[in-house]
Amino acid sequence: MEPLDLDISEGELELPSEPMMLNMGPSHPAMHGTIRIVVELSGELITKADVQIGYLHRGFEKMCERGTWTQVFPYVDRCNYVSPMLNNVGFALAVEKMMGVTVPERCQYYRVVLGELARICDHMICNGAMCMELGAFTPFLYHARARDIIWDIFEEETGARVTHSFGRVGGMAAPPTQYFKEMIRAGLPRVQKFLSDSERLLVKNRIFLDRLEGVGRISKEDALALGWTGPTLRSTGAAYDVRRAHPYLVYDRMEFDVPVGTTGDNYDRFMCRMEEIRQSMRIIDQALEQMPDEGPINIDDPRIMLPPKGEVYTTIEATIQHFKIVMEGIKVPAGECYSYTEGGNGELGFYMVSDGSGTPYRLRIRPPCFAVTQGLEQMITGLMIPDVVPTFGSLNMIGGECDH
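Numbering (the UniProt record's numbering), first residue to last: 1 to 404.
And the structure:
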């Protein structure tokens, strides 16, 4: 049988095809269990992406409005569970702003030190997890080991390694322990050693650089339009840091640099966080040097501060005071305010309305990574499927914070 002599031009040899729809997450490990991305593919090229959040929604704001002001602390712990101390401090400052009170100087230094330790944990786990998702498991172990050193300090100070619930309106749950400064001065060099070891494995690794450099880029103008803050915004070249632009606590007494990137790609976000860890160590060193060894931690006002636990168990007066503050709530003056601090992912804000009772009338959180996650669709469109993993990882989406 003779072959058919078909006159077909080269362009007509291509088979007709339609874009392929692919579902990523929320159960995909690289989606962190809480994000679903429906991508439209032409081959492996992403032509369209629909980023869907909300799989971890827990009604954070409404739970806060059902409890008293003091009962909110365990809830804010679980918004960003990688750096919960920063949330503790942020909420305490917001309520104190409404009440017009300022905590003692020693407490301000204490909050700064604990907050910067939490920021180091946040950045290390973000960078370490992103490395692991790219196949570099050893750097993740280095970062996790370094975090354990800091967790040991938190456990000694607060009694808990992860969710501390250590903040209080008007102070902290307890004063610094006897060896607080010594523990940190002994632990931070070990953290720095793990950090340097991981950098030596990564920053000159060709595979690692190829996966990050020039991938997931966003301009400074687009980042600002999306409401970005924190390391992701600073990676685009915008040097906005709440600690520098609007100092709170004792940050105006600290000398530190604000690391910025140039291209806003995955590599810049990675390196900004690495440098911010070093800047946090600088802040901690200065705070420990300036922090008074003696003095009160809490304000002296029984209407606001919980009594010492030992007294609650042994005296009727302290038992009544504890009961009234926890069950009836601190009487915050009627009004509204917005208070903001520099969280692990950027500007952490609390908008609160009080009707003068012991319960928040309205509480609204501004979680920084909620705004940051908005930009994911724009960043991954035009990239390939493997590029989604480091790009999403570099944004440091925290499920409890984003979905709240």
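Glycine residues also receive a C-beta, built at the ideal position from the N, C-alpha and C atoms.
Helix, strand or coil at residue i according to DSSP, with G and I counted as helix
{"i": "residue 341", "result": "strand"}
{"i": "residue 73", "result": "helix"}
{"i": "residue 37", "result": "strand"}
{"i": "residue 178", "result": "coil"}
{"i": "residue 56", "result": "coil"}
{"i": "residue 154", "result": "helix"}
{"i": "residue 376", "result": "helix"}
{"i": "residue 46", "result": "strand"}
{"i": "residue 86", "result": "helix"}
{"i": "residue 365", "result": "strand"}
{"i": "residue 171", "result": "strand"}
{"i": "residue 22", "result": "strand"}
{"i": "residue 318", "result": "helix"}
{"i": "residue 79", "result": "coil"}
{"i": "residue 29", "result": "helix"}
{"i": "residue 283", "result": "helix"}
{"i": "residue 94", "result": "helix"}
{"i": "residue 148", "result": "helix"}
{"i": "residue 371", "result": "helix"}
{"i": "residue 161", "result": "coil"}
{"i": "residue 325", "result": "helix"}
{"i": "residue 293", "result": "coil"}
{"i": "residue 400", "result": "helix"}
{"i": "residue 393", "result": "helix"}
{"i": "residue 194", "result": "helix"}
{"i": "residue 67", "result": "coil"}
{"i": "residue 299", "result": "coil"}
{"i": "residue 208", "result": "helix"}
{"i": "residue 330", "result": "coil"}
From the options, residue whose alpha carbon lies closest to that of residue i
{"i": "residue 188", "options": "40, 113, 402", "result": "113"}
{"i": "residue 177", "options": "156, 252, 196", "result": "156"}
{"i": "residue 22", "options": "38, 359, 28, 31", "result": "38"}
{"i": "residue 403", "options": "388, 367, 394, 376", "result": "367"}
{"i": "residue 365", "options": "268, 195, 183, 88", "result": "88"}
{"i": "residue 256", "options": "274, 279, 263", "result": "279"}
{"i": "residue 426", "options": "235, 292, 393", "result": "The structure shown does not extend to residue 426, since the chain is modelled only from 1 through 404, so no value can be given for it."}
{"i": "residue 65", "options": "129, 285, 360", "result": "360"}
{"i": "residue 400", "options": "377, 387, 380, 370", "result": "370"}
{"i": "residue 405", "options": "109, 60, 69", "result": "What the structure shows of the chain is the stretch from 1 to 404, and residue 405 is not part of that stretch, so it cannot be assessed."}
{"i": "residue 391", "options": "146, 218, 117", "result": "218"}
{"i": "residue 166", "options": "216, 52, 110", "result": "110"}
{"i": "residue 55", "options": "42, 40, 31, 252", "result": "31"}
{"i": "residue 115", "options": "92, 102, 63, 332", "result": "92"}
{"i": "residue 303", "options": "169, 203, 193, 226", "result": "169"}
{"i": "residue 386", "options": "210, 26, 121", "result": "210"}
{"i": "residue 253", "options": "285, 233, 266", "result": "285"}
{"i": "residue 205", "options": "265, 147, 135", "result": "135"}
{"i": "residue 25", "options": "53, 199, 48, 301", "result": "53"}
{"i": "residue 351", "options": "300, 337, 196, 242", "result": "337"}
{"i": "residue 327", "options": "126, 71, 60, 20", "result": "71"}
{"i": "residue 300", "options": "159, 102, 379", "result": "102"}
{"i": "residue 120", "options": "63, 195, 96, 215", "result": "195"}
{"i": "residue 29", "options": "389, 396, 395, 398", "result": "389"}
Same chain only: Cβ atoms within 8 Å of residue i, ignoring 5 sequence neighbours per side
{"i": "residue 163", "result": "74, 77, 78, 81, 84"}
{"i": "residue 384", "result": "44, 45, 46"}
{"i": "residue 334", "result": "354, 355, 356"}
{"i": "residue 132", "result": "139, 140"}
{"i": "residue 190", "result": "146, 149"}
{"i": "residue 237", "result": "220, 260, 261, 262, 264"}
Sequence-distant residues of its chain with Cβ nearer than 6 Å to residue i (five each side left out)
{"i": "residue 244", "result": "258"}
{"i": "residue 229", "result": "346, 347, 368"}
{"i": "residue 282", "result": "256"}
{"i": "residue 118", "result": "83, 85, 86"}
{"i": "residue 414", "result": "Nothing can be reported for residue 414: it is not among the residues displayed for the chain, which extend from 1 to 404."}
Residue(s) in a DSSP beta bridge with residue i
{"i": "residue 335", "result": "354"}
{"i": "residue 347", "result": "342"}
{"i": "residue 185", "result": "Its beta-bridge partners do not exist; DSSP assigns none."}
{"i": "residue 203", "result": "Residue 203 is not bridged to any residue."}
{"i": "residue 305", "result": "Note: residue 305 sits in no beta bridge, so no partner."}
{"i": "residue 384", "result": "45"}
{"i": "residue 51", "result": "37"}
7 Å CB neighbourhood of residue i in its chain, flanking five on each side removed
{"i": "residue 297", "result": "104, 106, 107, 110, 171, 172, 175"}
{"i": "residue 129", "result": "140, 393"}
{"i": "residue 322", "result": "306, 307, 312"}
{"i": "residue 122", "result": "82, 83, 344"}
{"i": "residue 231", "result": "269, 272, 273, 276"}
Report task. Give, in chain order, every unbroken run of the alpha helix (DSSP H) that is at least 4 residues long and sits entirely within the stretch 211 to 275. Result -> Listed in chain order, the alpha helix (DSSP H) runs fully inside the stretch 211 to 275 are 220 to 225, 230 to 234, 242 to 245, counting runs of at least 4 residues.
Query raised in the report: Which ranges does the alpha helix (DSSP H) cover as unbroken runs of at least 4 residues, wholly within the stretch 101 to 144, from first to last along the chain?
Result: Correct list: 105 to 133.
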